[in-house]
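Sequence lines, in order, name chains A and E. Residues 1 to 297 in the UniProt record's numbering are what the first sequence lists, from first letter to last. Residues 1 to 297 in the UniProt record's numbering are what the second sequence lists, from first letter to last. Note that CB positions come from ideal geometry on N, CA and C, so glycine has one too. All remarks here apply to the structure that follows.
There are 2 protein chains.
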Amino acid sequence: MDIKNELSVRAESAQDVVCRFLPDVEGLQGIIFDAMEYGVTAGGKRLRPILMNETFQLFGGTGDVIEPFMAAIEMIHTYSLIHDDLPAMDNDALRRGKPTVHVAYGEAMGVLAGDALLNYAFETALNAYDADVDVVRVTEAMRILARKAGVFGMIGGQVVDVEAEKKQLDMTEDRLHFIYELKTGALIEASMMIGAVLAGASEEQVSLVESVAGKIGMAFQIQDDILDIEGDEAKLGKPIGSDKKNEKCTYVTFAGIEKSKEEVKRLTDEAVEELNSLDNHNEFLNELLKYLVYRDN
Amino acid sequence: MDIKNELSVRAESAQDVVCRFLPDVEGLQGIIFDAMEYGVTAGGKRLRPILMNETFQLFGGTGDVIEPFMAAIEMIHTYSLIHDDLPAMDNDALRRGKPTVHVAYGEAMGVLAGDALLNYAFETALNAYDADVDVVRVTEAMRILARKAGVFGMIGGQVVDVEAEKKQLDMTEDRLHFIYELKTGALIEASMMIGAVLAGASEEQVSLVESVAGKIGMAFQIQDDILDIEGDEAKLGKPIGSDKKNEKCTYVTFAGIEKSKEEVKRLTDEAVEELNSLDNHNEFLNELLKYLVYRDN
Chain A
1 MDIKNELSVR
11 AESAQDVVCR
21 FLPDVEGLQG
31 IIFDAMEYGV
41 TAGGKRLRPI
51 LMNETFQLFG
61 GTGDVIEPFM
71 AAIEMIHTYS
81 LIHDDLPAMD
91 NDALRRGKPT
101 VHVAYGEAMG
111 VLAGDALLNY
121 AFETALNAYD
131 ADVDVVRVTE
141 AMRILARKAG
151 VFGMIGGQVV
161 DVEAEKKQLD
171 MTEDRLHFIY
181 ELKTGALIEA
191 SMMIGAVLAG
201 ASEEQVSLVE
211 SVAGKIGMAF
221 QIQDDILDIE
231 GDEAKLGKPI
241 GSDKKNEKCT
251 YVTFAGIEKS
261 KEEVKRLTDE
271 AVEELNSLDN
281 HNEFLNELLK
291 YLVYRDN
Chain E
1 MDIKNELSVR
11 AESAQDVVCR
21 FLPDVEGLQG
31 IIFDAMEYGV
41 TAGGKRLRPI
51 LMNETFQLFG
61 GTGDVIEPFM
71 AAIEMIHTYS
81 LIHDDLPAMD
91 NDALRRGKPT
101 VHVAYGEAMG
111 VLAGDALLNY
121 AFETALNAYD
131 ADVDVVRVTE
141 AMRILARKAG
151 VFGMIGGQVV
161 DVEAEKKQLD
171 MTEDRLHFIY
181 ELKTGALIEA
191 SMMIGAVLAG
201 ASEEQVSLVE
211 SVAGKIGMAF
221 QIQDDILDIE
231 GDEAKLGKPI
241 GSDKKNEKCT
251 YVTFAGIEKS
261 KEEVKRLTDE
271 AVEELNSLDN
281 HNEFLNELLK
291 YLVYRDN
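This is the structure in structure tokens:
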């Protein structure tokens, strides 16, 4: 399987889904529609909607109930990047080589575009109630989305990350684990769990998928730390060594590079093994999980 | 009826409801729980949850399905104030005499506390699905909440307001109307509509309530403009003349003070008359609508 090619086909189709749900109307508030679209279409691998859809397929899901949630999870991911880039947070002027939203539209509009995408994510996900699917499943998916994006999920991780970066907290291994688990892991867990829930997976299956996603999220983040030291700048498309330069405490700081690599392997092997313990099988999803963590970019 | 006293009893009970739904746990992300609570308990009349609950009563609603939504609407109102106060927006250091969230907790935490409250509003509202009420009603209430808070509601109004304040747009009467209708009106509409929907009001009744709320929201905002010129500083608890000082274009700028007062009276009379055209009756709600617009503080 040419995983890179398969992935890019799916990324394009996921982006189409997301864009189809964005507001497409005229209005005095038109600039916010522009800023939302600018943020969403600024690139990215669309991993979350892809993981969601593939997990949905894994459990035999059919129909379009998944689409509003694919759009919603990508909107939430995008809003988090927009707010993350704000001057009050990481103060980044560029993302994937393009001016960040607050640079392109002004700082106030950066705050509002993030707010708008978060709100619109829920507005969009609610469309799933129109699909011909048990409302209990849709409501469970809504709850997962809200919880994993919020203070017990992504925002919670972001809070501790910000505090550590502003040196209001010392970084410890426990705190780093908490940040990785929530800031990166929670939305990946949400993606796969929502796919499973909407397809009608059992509670046990959803738990298993949560565990798989958690391990993949963690391995993905540790691999990021490794690539920042050993990566190939040409392949990464960005300079390496930024963590060291920013005196950023990463997994490698605590565990060293060899143990970090072992951990990536252990987590990935366990995740793939858990996934394969299911009766259901999705070849692409299996390949994707390995690709995500053993990637070089 | 001693409306001020009745109102303050209900405000206290509404605040209890909101606080009961806030996260009450320990965690590494504890500071965000503090910031959320700080924002929510910083005072305020709790008009939105009160209007919601009174409209729920008006249509004979019973049980606790209303409570998650009362909490959610106040969380959304609070997040909008927190983000509004940020340096990138209005840059206000004080609100109701207390340091604003970003002053008390830092700017990054101001952004995150707003995000957290918006997300948590939806997380909280989803609790209504546990109540013994038709899921169709709860889903309709969720949709109203999301739409009226978002780009077609409050955020949409905020966007145009910000653009006008940054002088990227000239203020016109149309634009001012749009801002008042969305920035202030939309959440008041949502409050009353959600109360009606959850109590089982008909589509026509919900439309009528939306119209009543829209008029009250508009009258409320125009009264604000009038009080900034003619108000009694002691009663208002803040200096008057701030709109003029900030060269802010208000309803009075376009219509003059006499026509503005007439408009407040016309809108309020119409709203109360519409409300009284219903078979249902809620004396307190009637008094509240008049009090809101004919207030001196």
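For Glu107(A), go through chain E and note every residue whose CB falls closer than 9 Å to its CB, in chain order.
Leu86, Pro87, Ala88 and Met89
Where Gln221(A) meets chain E, residues with beta-carbon distance less than 9 Å:
What Gln221(A) touches in chain E: nothing, since even the nearest Cβ is about 17 Å away.
How big is the Cα-Cα spacing for Glu274(A) and Leu208(A)?
7 Å
Using a C-beta cutoff of 8 Å, does Pro23(E) count as contacting chain A?
yes
Let me confirm a value: Asn53(A) is counted as buried when at least 16 other C-beta atoms fall within 10 Å, else exposed. Which label applies?
buried
Collapsed DSSP secondary structure at Pro239(A) in the structure displayed:
coil
Min CB distance Arg143(A) to chain E below 8 Å:
yes
Residues of chain E with a CB under 7 Å from the CB of Gly237(A): which are they?
Per Cβ cutoff of 7 Å: no residues; Gly237(A) is ~27 Å from chain E at best.
Let me confirm a value: Ala88(A) is counted as buried when at least 16 other C-beta atoms fall within 10 Å, else exposed. Which label applies?
buried
Would you say Lys248(E) faces chain A, with C-beta separation under 8 Å as the test?
no
Taking 8 Å as the CB-CB limit, is Val206(E) close to chain A?
no
Measure the Cβ-Cβ separation of Arg137(A) and Gly200(A) and say whether it is below 8 Å.
yes
Could you name the residues that DSSP lists as bridge partners for Arg95(E)?
Lys98(E)
Going by beta carbon distance, what residues of the same chain come within less than 7 Å of Leu94(E), once the five residues before and after it are set aside?
Thr100
Any C-beta of chain E under 8 Å from that of Asn119(A):
yes
Meets three-Cβ-pair contact criterion under 8 Å: the stretch 209-219 of chain A and the stretch 65-81 of chain A:
no
Whole angstroms is fine: what's the gap from Val40(E)'s alpha carbon to Ala113(E)'s?
10 Å
Under the three-state reduction of DSSP, which class applies to Asn280(A): helix, strand or coil?
coil
Taking all protein chains shown into account, do 16 or more other C-beta atoms lie within 10 angstroms of the C-beta of Asn276(E), making it buried, or fewer, making it exposed?
exposed
I'd like to know if Leu94(E) contacts chain A, where contact means its C-beta is closer than 8 Å to some C-beta of that chain.
no
Arg143(E) - containing alpha helix (DSSP H), residue span:
Val135 to Ala149
Could you give the distance in angstroms between the alpha-carbon of Asp16(E) and the alpha-carbon of Asp232(A)?
56 Å
May I ask which residues mark the beginning and end of the alpha helix (DSSP H) holding Thr78(A)?
Ile66 to Asp84
Neighbour list for Tyr294(E) in chain A, Cβ cutoff strictly below 8 Å:
Those within 8 Å of Tyr294(E) in chain A number zero; the least Cβ separation is about 30 Å.
Is Tyr294(A) helix, strand or coil when you go by DSSP?
coil
Quick check: is the beta carbon of Tyr129(A) nearer than 8 Å to any beta carbon in chain E?
yes
Beta-carbon proximity check, Ala116(A) vs Ile155(E), cutoff 8 Å
yes
Anything in chain A within Cβ reach of Ile31(E), meaning under 8 Å, just list it in chain order.
Val159 and Glu163
Can you tell me whether DSSP reads Thr55(E) as helix, strand or coil?
helix
Can you give me the start and stop residues for the alpha helix (DSSP H) that Asn127(A) sits inside?
It is not in any alpha helix (DSSP H) - Asn127(A) carries neither H nor E in the DSSP assignment.
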